[in-house]
Each structure stands twice: as structure tokens, then as C-alpha cells.
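>
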């Protein structure tokens, strides 16, 4: 069980099954790696293997067989047809390649003959102590090292323009594991568009060898990964999974989206991956035991992940809400309460300080200073910052949802920086909501996020982010107690 | 009870309390109307009233008293301090103004003295047969007629740029009623950013006279309104509300977001609007009886509204899912089933046609043609269009969620038009999901929406849109049966 490092930081990569044919997987995959090398993202050595080619493909030195490559190969990426994969595994083994990604499909997912081929693949790999990711996957993306085996079109035409059809996220703190290749690719696009940075992406496909358990163990110790995200349709080694997830959760949060939660969904999942999706209650119990932050939707997956990257877990479940719009405050409270948070009862000291702020004219006279604290349409930057300071000082408050709806005249573009400054180092999470999808609303939320405060366009999404910070905090404290 | 027409289509408007002072409500409100007149949006006559002004303000003819205006006034917009509002009502009454919007706050929402002032306001208005919207509101916006009383800043500075801080939606088919002014404003911004067209927006505030019941009655007969959206924290005339909503629902859907659904939320709501929010179960029963499509979140509010504008209600609850990504298909099924839809069992005729398509090479050989129909990463435009045709022909299918995740090589920018064409006139709703927030994903979804197919960035949001089309269809059929 060597380290998985070569999968993420290979110094030399061979694309086995590289092709001259634009549009083919073997061509597109090589092209992405060549472009990453040209752009200085991938700094390793690149080779191509194709039995019929002796000339370089896309400028990459190309050899008929793996064994002909005149260099050590850290990582082999295999895109040949399924039936010849076992022989290629042998070639790799003889060459001393110890890590391979098998992109090719046509294995267990297509029936018994494919399953036999997959067993053959694993047996041969084991003979050489070789580790395998896949088969039937889109492989691995590491923005930091420039490794990127996603073979899908970079650009597509739309309305006469060539658009970036699969944008890559910037390097960041989130690692994504996906059983489904197509969904993993979609998530990559989603993260790029939402500005969420990526540490490592692994599409692990049929998980013939390396599976989600081992990947979680690896990422738990990966200094670049601060949050682990898992999309799964089935989990096979339940006990090991729980153990690995518990150990990881002590260090960093794991967010899981498990598809096939309804009976119809489970049937659909089993026809998709041929895996028994299992009873959802069992998964739910396992996730709870492991301290996993379970989510139920794609949007929630990334909303929550963003919050966990940017903010500390909540020390408890008592939340304060600070708003300039009463209605939005009510909706936030609705979502917090139905999600299991408590609406904090503010301390007398806080009430005293709010009265001082009111008398000093810092907060509007008609402000409501019960929780939710409503500064009304007469709110100013000062009113928000001073009120947030009171709430973060309050020993009865574990986290604050701030809703500075930007439309009121008194709020300015200085607010994001000031909110970030007053929130820093308080040990309590702060999340923001500003409603509006126009240019100002979008830019205003971005200003918060640039300063580490996650910002959402609806009260419910902000509330759910806070709920996840509460759940992770609770899970972590419980696991620490249990591990003493 | 005259018609409410003058509130939406006034030929002459007087801003009473107009001001020279930039930043004041009386100035900003007049400025918006002047700009709309200059841009040709408002084609009526505009007057200003200010006791201390004899010169035009912002070029608008200005008079010391309402009675001095040398013209008939269809609509008065009052922004003077609360305590003098009753006298201004008298002035308006003597002048023959029969419709006024009272923007000013300081009435029932601030306590007993304000409540007394509000009763006084209503009594005086009744003497003249005058109708009142407000007080304590941001008033009315009608993109079609150029009436716009939102007095909040048009532009704000951010990062050295002047950005549109409150974009207005284009003229369209959705009318929005909001008890909360701040939330209404936020919704306007949200709709503008999401490209949802607006028919009429009414912030009805303290509803001293015109309330949500009468507004629903009016909008039910308004040919420009195809969907009515209501944000409410409390509803007072329960029985009348149910009756009005039932009659409206026979003609067009009503979507309601009721805040204060939890006990903590209800407490927060009652401190916000001084209205008893009431027990949520009672509201829920009333909404069901009235055939209302109830939603629980801001995002869902507009996702569902968009679907109801663009697509017909579903004739039943059996849904088919058509995808090129198995995982996304599973998530769609999960959300559909947990929301009460049935996953359609396809007819034998459909199975026969899918086999023909498979043999003809139109759909990939490894496609799964049970529902969800998964065309896999080898999907093409043809495969999607022909499969959708099969599903829409199937008598066991009442609606289709289509997930053409754009990353696969075989899909092109021709697909939105072809999907729209094959969906047209089938009497069954079609909604789309493509995951990804990059430039291509955003543009691809826009292409669908330009052609009347609502498109969402996650499977769950698309599924919930379909669920609303099912719920509206069921409610409407039930109300038709009951009204026979």
C-alpha cells in the first residue's frame, strides 16, 4: 500500500493510448496535459505511448510500447480499449510503473464479461504492487501540480462565440471525490463558476483498487486539503469508511452528497453503477457516526463547503441574526429553527450596549434589538459593524448570520472589509446574505468572499451554511470526546 | 370600490412631498419618475407638490398645495411625514384624487399613536371614496406604464465603479405582491438579475385599505399577469383570501412565500409587522384549499414562478427524466420522489421505439432506456431530441425533466432550439438542468430560456420546478371539478 502521492504529484506521466485523432479521448487528454505544460502549470515530463506511432504526437515524445519510454514513469494514464487494458497493465508493471489511472470504460459497469476483465486488471496490478484509480472514470485534476486528465472539450461554440465549456477552478482548499465522472466534471465547472478553489479532484469510477476510503485517509493528511467533498452512489467498505471518516473529521470536515436516497433514486442508481445503493437509513446512521456533514442537494453541497473553508465551526448552536430587512430576518430564523439551530437569547449586557448605541445615534432609533436584530432601512455601515461587535462578544451567541441588504441608502462598499475585520479571530462563524442578482448584488457578495466571509443570495442558503458550521462543530467536539 | 386601474396606469401623477434635497425620499422618488418620463417609459403627466416650493423641482411643475395643480390627478404619491398625512388626504380628496399611495412610515408599525393616525388616514380617505395603498411601503412599479415609486438609490459605488444597485426587471408576465417593502425591493433586483419579466409590483405595507385580497382579485383579471407571486407575513381576511385565491387559481397560478413558518420565525415576524403571524398549519390548510402553490424559500419562489410562466401545468404526476449523466439523473429522481411525483413507468411502445433508436444508432448502444433514460456521455443532439419525442408521446408520461449536461462532446448549441421545438404544443411541461456556472453553462441555460424552456443549474431546482407544475395542475383540476 504505497503512498498515493504519485497520483497527484507525478514527475513523469505517460499517456498510454495517446492519439493523433482530434476529438478522441487519447488526443484530448494529451492535449490538456500539453497545454498545461506549455502554460507552466505542469512542470513534470510527459510521454505518449501508441503502438502505431513513432513520431511525436502534439510535440510529445511518443513510443510504441510503455517499455520503450527512456525514463522512469511515475504515473501511467491508460485510455486503450478495455480488452487490452490487462496487457497494458503488464507492460506498465514490467516497466516499474507503480501508479496508473484507467480512464477506459467497459468493465464492471457493462456486465459480467466486463466484471471479469476488471478482476483480471486488479490481479495483474497487484502482482507488481501497482495502485490503480478507475477504471471507467475521468481521472484526476490537481490545479497545483498541473495534472489534469479530464478529456472533455475545453471550448465549445455557442451563438457564434467559442466559450470555455469546462472551466477549471483555481488552486484552493477543497478536495472533491466523485464516483460519477460526469457529475464530477459538472462539479468542477460549478466550483470554477462559483470561485471555489480546488486542491484535488479524483473521479474514482469503478474503484477496482483505490476507493473512497483510502482517498479519505490520504486527504485527511494532505496539508493542501481543508475540506473533503464526496459524491457517492454506493459505499462498499462501510466499517472502514466510518473509521476513516471519523479520523479525518477530527482534522477537517467531510461533506457528503449520497445520491439514491429515495427508493426510486436507489433503483436508478443501481442501474447506473451496478452497485447496491442500500437503505438510506443505514447510510444516514453511518454518516452521523462518522461525523460527516451530510447534504441533500448540489447547491447545498457547495454552499456548505464554501462556508467550511472560510469560517471556523460554531462553538454551539445559538445563532444571532443581524439584518436591515425585517422580512429577510424572519426567513433566516425560519430556516435556522427548522434546521435545528437555536435562536440566541441575547445577554443583558448586549441589550445594555444596544441601548447605548441607540442613544449615541449609532443604530437607528426604531431598530429592533431582540434577536433578530433589525436595523431597518435606516441602517448604516457603522450600525452593522457595531452591532456585530456586540453580538460576537455575547457569550450567548455562537455564530451570526448578517443580512446587509445593499439597497438601503446608508450602506456603502466599505462594509465587507469592516465586517471581515470585526469578525476576525472571534472563534465564531459569520456568514452573509445579500439578496439581488444584479451587478451590485453580485459584486457586493464577491467583496465579502474575497475577505473570507461566505455570502449567499438568499436567506435560506446563508442559514444552511450556518447550520453546517454548527453540525461540523458538534460532530468534531463529539469525536474529540470519544477519542479521549 | 372603484377599479384599481389608476394605481397602475395613471395618466397624471402628483408626488406630494417632493423635495430638492438629493438623497431624500421625496427627491429620489421624483427623480426616478422624471428619468422614466425622459426615457419614454412613463408617458403620463407629472407634477410635484411642496408647500415651500414655487419653482419646478427637477424640471417638474411644482405647486404649494395639491389643489393648486391645474390638472386632474389620477394618482397621488404621498411622502410627507406621518402626522400631516391625514391633512394631505383631505387636500387630495377635495381635489378629486381617488387613488393614493402613502409611502410614509410611522403608522401602525410604530405603536398605538401610529395606529390611531392610520385609522384617521383611512377614515378621511373613505369620506372621498379614495383608495389607499400603504402606508409604510415602497409603492408600485409597472415597467409597462413606467410608473415606479421605488425611492432607493439607482446607482452605488463599488470598487471605484458606479454599479446599478437596484436593477429593474423588463416588462413581463409576473406580478409581485409584497407585505415587506425591503423584501419586495430585493425581489425586484433578484428578478432583474434572473431575467424574469415583471407585470406589476405592489409593496402594500400596512394595508390600511387595499390589501392582498383585493390585489389578487384585480390581478386575476389583469391580462398582463400570468403568474401572481405573494410574499406575506400575515393574512388578515382569511375567508376572503381563500375565495379570491380560488377564483384566481382557476385562471392563473398564485405562488406564496409565507414567512414566519416556525415558532421562532412567527415571533420575529410579529415584532417586524406587529401582525399576528398565526399558526402555520392553519395557513397551510388555507393555501391548499385555495389551490395556492406554496414555496418555502426565496430561490424556490422564483424558480417555480419562472416554470409556471413558461410551461403548461402537468396533466398528472408521472415524470420522465432524460439525461446524459447517470448521477444527475439519480439526484433528479430523488428530489421528484421525495416531493410527491411518480417516476413514470414507460409504455411498451416507448420501449419499442427506444430499441429502434438504438438499432438505428440514434441513441448510444449502452443507453439505459428505463426511466431515468440515460443516454450516457456518448449522447448527441439527435439522441436527446428523438428520445424526448418518445417520452412526450408516451401516455404514461405527464412531464419531462431533461438534463443535457453540456460537457459531453456530442452536444452542440443547436440543442436548445431543437428541444424547444419538439416540446411545443404537447401539453406536457418540459424543464431543463445543466450543471456548471462557467460561461458556457450560463449561456446554454439562457438559450433554453429564450425559447421558453426554464433551465436550472442543479437537478434539485429543476425537479422542484416540475413539482410546482404538477401541483398547480392538480390544484386547478380540483378547483374546476369543485366549481362545476
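Protein chains in written order, with our numbering: chain A, 6 to 489; chain B, 6 to 489. For every residue, glycine included, the Cβ atom is placed at its ideal position computed from N, Cα and C.
Relative to chain A, which residues along the segment 102-119 of chain B have a C-beta separation below 8 angstroms, given in chain order?
115
> Name the DSSP bridge partner or partners of residue 145 of chain B?
Taking the first residue of the second chain as position 1, residue 145 of chain B is located at position 140. Residue 145 of chain B pairs with B/207.
> Starting from residue 190 of chain B, find everything on chain A with Cβ-Cβ shorter than 7 angstroms and list it in chain order.
As a first step, residue 190 of chain B is located in the second chain; it is residue number 185 there, counting from the start. Neighbours of residue 190 of chain B on chain A, chain order: 412.
> If distances are taken between C-alpha atoms only, which option among B/18, B/231, B/364 and B/112 comes closest to residue 81 of chain B?
Working through the second chain from its first residue, we reach residue 81 of chain B at position 76. The option with the nearest alpha carbon to residue 81 of chain B is B/18.
> Is it true that the CB of residue 380 of chain A sits closer than 9 angstroms to the CB of residue 369 of chain A?
The count along the first chain starts at 1 and reaches residue 369 of chain A at position 364. The count along the first chain starts at 1 and reaches residue 380 of chain A at position 375. The Cβ-Cβ distance between residue 369 of chain A and residue 380 of chain A falls below 9 angstroms.
> Just checking my contact of residue 427 of chain A with residue 393 of chain A at CB under 8 angstroms: how many whole Å lie between their CB atoms?
For the purposes of this step, residue 427 of chain A is taken as the residue at position 422 of the first chain. For the purposes of this step, residue 393 of chain A is taken as the residue at position 388 of the first chain. Yes, they are in contact, since the Cβ atoms of residue 427 of chain A and residue 393 of chain A sit about 5 angstroms apart, within 8 angstroms.
> Under 8 angstroms Cβ to Cβ from residue 161 of chain B, same chain only, skipping five residues before and after it: list those, please.
By one-based count along the second chain, residue 161 of chain B stands at place 156. Result list for residue 161 of chain B: 167, 168 and 170, in chain order.
> Near residue 72 of chain A, which residues of its chain fall below 7 angstroms by C-beta distance, leaving aside the five closest residues on each side in sequence?
Locating residue 72 of chain A in the first chain gives position 67, counting from the first residue. These residues qualify, in order along the chain: 96, 99 and 100.
> Strictly below 7 angstroms CB to CB, what residues from chain B border residue 274 of chain A?
In the first chain, the residue the question calls residue 274 of chain A occupies position 269. The answer, in chain order, is 335.
> Is residue 291 of chain A near residue 243 of chain A, with beta carbons less than 9 angstroms apart?
Translated into positions along the first chain, residue 291 of chain A becomes position 286. Translated into positions along the first chain, residue 243 of chain A becomes position 238. Cβ distance < 9 angstroms, so residue 291 of chain A and residue 243 of chain A count as in contact.
> Can you list the beta strand (DSSP E) stretches of 3 or more residues lying completely in the segment 252-326 of chain A, in chain order?
259-263 and 298-300
> By the DSSP assignment, the alpha helix (DSSP H) with residue 195 of chain A in it spans what residues?
Working through the first chain from its first residue, we reach residue 195 of chain A at position 190. That run of the alpha helix (DSSP H) goes 186-199.
> Tell me whether the beta-carbon of residue 52 of chain A lies closer than 9 angstroms to the beta-carbon of residue 37 of chain A.
Position 47 of the first chain holds residue 52 of chain A. Position 32 of the first chain holds residue 37 of chain A. In this structure, residue 37 of chain A does not lie closer than 9 angstroms to residue 52 of chain A by Cβ.
> Would the segment 171-179 of chain B count as touching the segment 202-219 of chain B if we require 3 or more Cβ pairs under 8 angstroms?
yes
> Chain A partners of residue 465 of chain B, CB-CB under 9 angstroms?
Counting from one through the second chain, the residue named residue 465 of chain B turns up at place 460. Simply 301, 302, 303, 304 and 305.
> Spell out whether any CB of chain B is found under 9 angstroms from the CB atom of residue 6 of chain A.
Mapped onto the first chain, residue 6 of chain A falls at position 1. Since pLDDT at residue 6 of chain A reaches only 44, below the 50 mark, its modelled position is unreliable, and the value read off the structure follows with that caveat. No - not a single Cβ of chain B is within 9 angstroms of the one on residue 6 of chain A.
> What residues in the segment 426-453 of chain A have a beta carbon less than 8 angstroms from any beta carbon of chain B?
440, 441, 442, 443, 444, 445, 446, 447, 448, 449 and 452
> Strictly under 9 angstroms for the Cβ-Cβ distance: is residue 264 of chain A near chain B by that measure?
Reading the first chain from its first residue, position 259 is the one you call residue 264 of chain A. Residue 264 of chain A counts as touching chain B.
> According to DSSP, is residue 215 of chain B part of a helix, a strand, or is it coil?
Position 210 of the second chain holds residue 215 of chain B. Three-state result, residue 215 of chain B: coil.
> Say whether chain A places a C-beta atom closer than 9 angstroms to the C-beta of residue 348 of chain B.
The sequence position of residue 348 of chain B within the second chain is 343, counting from 1. The C-beta of residue 348 of chain B comes closer than 9 angstroms to at least one C-beta of chain A.
> For residue 332 of chain A, would you say it is in contact with chain B, using Cβ-to-Cβ distances shorter than 9 angstroms as the test?
Numbered from its first residue, the first chain carries residue 332 of chain A at position 327. Yes, because at least one Cβ of chain B sits closer than 9 angstroms to the Cβ of residue 332 of chain A.
> Which same chain residues end up closer than 7 angstroms to residue 103 of chain B when comparing Cβ atoms and leaving out the 5 residues on each side of it in sequence?
Here residue 103 of chain B refers to the residue found at position 98 of the second chain. 7, 11, 134, 135 and 136.
> Considering only residues of the same chain and omitting the five flanking positions on each side of residue 477 of chain A, which have a CB-CB separation below 7 angstroms?
Position 472 of the first chain holds residue 477 of chain A. Result list for residue 477 of chain A: 258, 298, 313 and 318, in chain order.
> For a contact defined as C-beta to C-beta under 7 angstroms, what are the partners of residue 504 of chain A on chain B?
An answer regarding residue 504 of chain A cannot be provided, because it is not within the stretch 6 to 489 covered by chain A.
> Give the DSSP-derived three-state secondary structure of residue 97 of chain A in the structure shown.
Residue mapping note: residue 97 of chain A aligns to position 92 of the first chain, counting from 1. Helix at residue 97 of chain A.
> Taking the alpha-carbon positions, what's the residue 241 of chain A to residue 9 of chain A distance?
The count along the first chain starts at 1 and reaches residue 241 of chain A at position 236. The count along the first chain starts at 1 and reaches residue 9 of chain A at position 4. When rounded, the separation of the alpha-carbon atoms in residue 241 of chain A and residue 9 of chain A is 20 angstroms.
> Determine whether the Cβ of residue 161 of chain B lies closer than 9 angstroms to any Cβ atom of chain A.
What you label residue 161 of chain B is simply residue 156 of the second chain in a count that begins at 1. By this cut-off, residue 161 of chain B is an interface position.
> In this structure, does DSSP put residue 52 of chain B in helix, strand or coil?
Locating residue 52 of chain B in the second chain gives position 47, where the first residue counts as 1. Of the three classes helix, strand and coil, the one that applies to residue 52 of chain B here is strand, per DSSP.
> Would you mind stating whether residue 47 of chain A and residue 151 of chain A have Cβ atoms separated by less than 9 angstroms?
By 1-based counting over the first chain, the position of residue 47 of chain A is 42. By 1-based counting over the first chain, the position of residue 151 of chain A is 146. The answer is yes: Cβ separation under 9 angstroms.
> Taking residue 386 of chain A as part of the beta strand (DSSP E), name the residues at either end of that continuous run.
Looking up residue 386 of chain A in the first chain gives position 381. That residue, residue 386 of chain A, is in no beta strand (DSSP E); its alpha helix (DSSP H) goes 386-398.
> Is residue 258 of chain B close to the ligand GDP? I mean its beta-carbon at under 8 angstroms from any heavy atom of the ligand.
For the ligand GDP, the structure offers nothing, since it holds no ligand at all.
> Have a look at the DSSP bridge pairing and note the partners of residue 223 of chain A.
In the first chain, counting from the first residue as 1, residue 223 of chain A sits at position 218. None; residue 223 of chain A has no bridge partner.
> Would you list the one or two residues that DSSP bridges to residue 492 of chain B?
Limits of chain B in this structure are 6 at one end and 489 at the other, which puts residue 492 of chain B out of reach.
> Step through the CB atoms of chain A and report whether any lies within less than 9 angstroms of the CB of residue 199 of chain B.
Indexing the second chain from 1 puts residue 199 of chain B at position 194. It does: the Cβ of residue 199 of chain B has a partner Cβ on chain A nearer than 9 angstroms.
> In this structure, does DSSP put residue 439 of chain B in helix, strand or coil?
Locating residue 439 of chain B in the second chain gives position 434, counting from the first residue. Three-state DSSP puts residue 439 of chain B in coil, outside helix and strand.
> Tell me the DSSP secondary structure of residue 105 of chain B in three-state form.
As a working mapping, residue 105 of chain B is identified with position 100 in the second chain. In this structure, residue 105 of chain B counts as strand in the three-state DSSP scheme.
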